[in-house]
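See structure below.
Numbering (UniProt numbering), first residue to last: 1 to 355.
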């Protein structure tokens, strides 16, 4: 997806007195779909599209009629400082392909166009982010800062996760907090500054990687994405949800292939301790849990209250009850920021882009 912002709009700005003949000339000459009607102070008064003008002519307006008679006085706007996915959602909701960008005084700053590909589908599914861990393996880095709030470039890890999900159409978030929770709650508040909705589960004691799910109220009616609050990935979360919903399964677990090279020659023994083969520094591969899940509502409802409960136990218990789980292999970027070297790697990969 892409947004294209055009700051130079002088050639399509007209006064309210400009006649329809001139408006059509501008639209044709500038290959524009519209003109911006502004006052002497460049404040936006309205917008007139090619369609608005032609409909007005069909309805009996003459070419000498002023554009003020046919313009839209309440066009959809983009405000300075708004996140781009908020603008995408606004365009999708109203079925339009551009927004007029203005400042607090409605002075025109430019035009934001939707460009190149279709907008992401808007998702009503809840996203639960586990952000209550201590991050002890990170040492002094988390002595006074919860792990999800460690900065990568200019932004905390958790903010980058929420931004990523928002670009895929998700806007409902529930963050489970415990260690230094005030750092997280005071930073994100209700999410409105980011154009999303955020609620919180307050863990009074550690509840494991799934225990706080028992306190989601009300119980969701749709599958939920559940993920750890310290993961960087280029996963298409919309595609993950679509894959899960089309599978008919109870849960989907994102997995990652982990390869480990044994730094020695490995000997395989046969009968009576005789060497059967020898392999020089073989590589072993494992399918590892990537810490991102999609769970149906009944799995969320099965989590016991009041005790630590891990996601691995949730899956084991569900399998014993006959529930079915699938996987989605992550073959792109995936970093679990759990060790200092992982944090440094994330900073090198993402921090430079954001600084």
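Ideal Cβ placement from N, Cα and C applies to all residues, glycine included.
None of these values were measured; they are calculated from a predicted model.
Task: residue 120, DSSP secondary structure in three states - done: coil
Task: Collapsed DSSP secondary structure at residue 170 in the structure displayed - done: strand
Task: Inter-residue Cα distance where the pair is residue 109 and residue 102 - done: 5 Å
Task: Proximity test, Cβ basis, 8 Å: residue 178 and chain C - done: Among the protein chains of the structure shown there is no chain C, as only one such chain exists.
TODO: Measure the C-alpha to C-alpha separation of residue 81 and residue 195 and round it to an integer number of angstroms.
DONE: 11 Å
Task: Beta carbon of residue 176 nearer than 8 Å to that of residue 112 - done: Contact annotation: residue 176 and residue 112 have beta-carbon atoms that are not nearer than 8 Å.
Open item on the list: Just verifying my parser: in three-state terms, what is the DSSP assignment at residue 43?
Closed with: strand
- [ ] Report yes or no: do the segment 288-302 and the segment 90-102 share at least 3 C-beta pairs separated by less than 8 Å?
- [x] Of all C-beta pairs linking the segment 288-302 to the segment 90-102, fewer than three are shorter than 8 Å, placing the two stretches out of contact.
Task: Beta-carbon proximity of residue 356 to residue 148, cut-off 8 Å - done: Outside the displayed span of the chain (1 to 355) sits residue 356, for which this structure offers no information.
Task: Proximal residues to residue 288 (C-beta, below 7 Å), its chain only, five neighbours per side dropped - done: 255, 256, 258
Task: Bridge-paired residues (DSSP) for residue 283 - done: 261
Task: Contact set for residue 49: own chain, Cβ-Cβ below 7 Å, skip 5 residues either direction - done: Cβ neighbours of residue 49 beyond the five flanking positions: 33, 34.
Open item on the list: Only counting the same chain, and skipping five residues up and downstream in sequence, which positions put a Cβ closer than 7 Å to that of residue 290?
Closed with: 254, 255, 256, 330, 334
- [ ] Could you give the DSSP three-state label for residue 10: helix, strand or coil?
- [x] helix
TODO: Sort 326, 347, 266, 228 by Cα distance to residue 310 and report the nearest one.
DONE: 228
- [ ] Starting from the N-terminal side, write out each stretch of the beta strand (DSSP E) that is 3 residues or longer and does not extend beyond the segment 73-142.
- [x] Unbroken beta strand (DSSP E) runs of no fewer than 3 residues, entirely contained in the segment 73-142, are found at 77-79, 98-102, 108-115, 123-130, following chain order.
Task: Segments of 3+ residues assigned as beta strand (DSSP E) that fall wholly inside the segment 204-275 - done: 224-228, 231-233, 251-261, 265-269
TODO: Note down, in chain order, each residue of its chain lying with its Cβ closer than 7 Å to the Cβ of residue 134, except the 5 sequence neighbours on either side.
DONE: 142, 179
TODO: Kindly list the residues whose CB is nearer than 8 Å to the CB of residue 45, restricted to its own chain and excluding five residues on each side of it in sequence; keep chain order.
DONE: Counting only residues of its own chain and dropping the five nearest sequence neighbours on each side, residue 45 has a CB closer than 8 Å to the CB of 16, 37, 38, 39, 68, 71, 73.
Open item on the list: At the level of alpha carbons, what is the spacing between residue 327 and residue 230?
Closed with: 20 Å
- [ ] Determine the direct distance from the alpha carbon of residue 53 to that of residue 24, and round the result to whole angstroms.
- [x] 8 Å
TODO: Please look up how many angstroms separate the CB atoms of residue 252 and residue 293, rounded, as I've assumed it's under 8 Å.
DONE: 7 Å
Task: Buried or exposed by the 16-neighbour rule on C-beta atoms within 10 Å, applied to residue 240 - done: Buried is the call here.
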